[in-house]
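Note that our numbering has the sequence shown beginning at 757, numbered continuously upward. Just so it is clear, CB atoms sit at the ideal spot from N, CA and C, and this is done for glycine as well.
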Amino acid sequence: SNVEGTTRLLELSAKHGKDANFVFASSSSVYGGSDKQLFAETDAVDMPVSPYAATKKACELLAYTYHHLYGMHVAGLRFFTVFGPR
757 SNVEGTTRLL
767 ELSAKHGKDA
777 NFVFASSSSV
787 YGGSDKQLFA
797 ETDAVDMPVS
807 PYAATKKACE
817 LLAYTYHHLY
827 GMHVAGLRFF
837 TVFGPR
């Protein structure tokens, strides 16, 4: 699962502490059912509309927690589909 795999990788990275750089794939799904045309990192993403979106949001929260606890540098990339609307 997304959460288990990300947690395992965060644990491995945490062994390097402040020297760790952790980049992970998130998803535009975390924006939920928003009707906005343009999204921003500061948009609220606390109402996922699918289990997949919820796991991606959980991974973002885990990454922040490891940053806070171990001083790791973390970056989550929120990929959007390249195929357009359904």
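| task | Below 7 angstroms CB to CB, which residues in the same chain sit around A814 once its five sequence neighbours on both sides are set aside? | result | V759
| message | Just list the residues that DSSP pairs R834 with in beta bridges. | response | S782
| said: Between the alpha carbons of A819 and S783, how many angstroms are there, rounded? | reply: 14 angstroms
| Exposure of E816, with buried meaning 16 or more beta-carbon neighbours within 10 Å | buried
| request: Out of L765, S769, A810, state which residue places its alpha-carbon closest to the alpha-carbon of G827. | output: S769
| task | Can you tell me the Cβ-Cβ gap for V779 and R834, rounded? I've got them flagged as a contact below 8 angstroms. | result | That belief does not hold up - the Cβ atoms of V779 and R834 are roughly 12 angstroms apart, past 8 angstroms.
| Where does H823 fall in DSSP's three states? | helix
| What does DSSP give as the partner residues of N777 in its beta bridges? | H829
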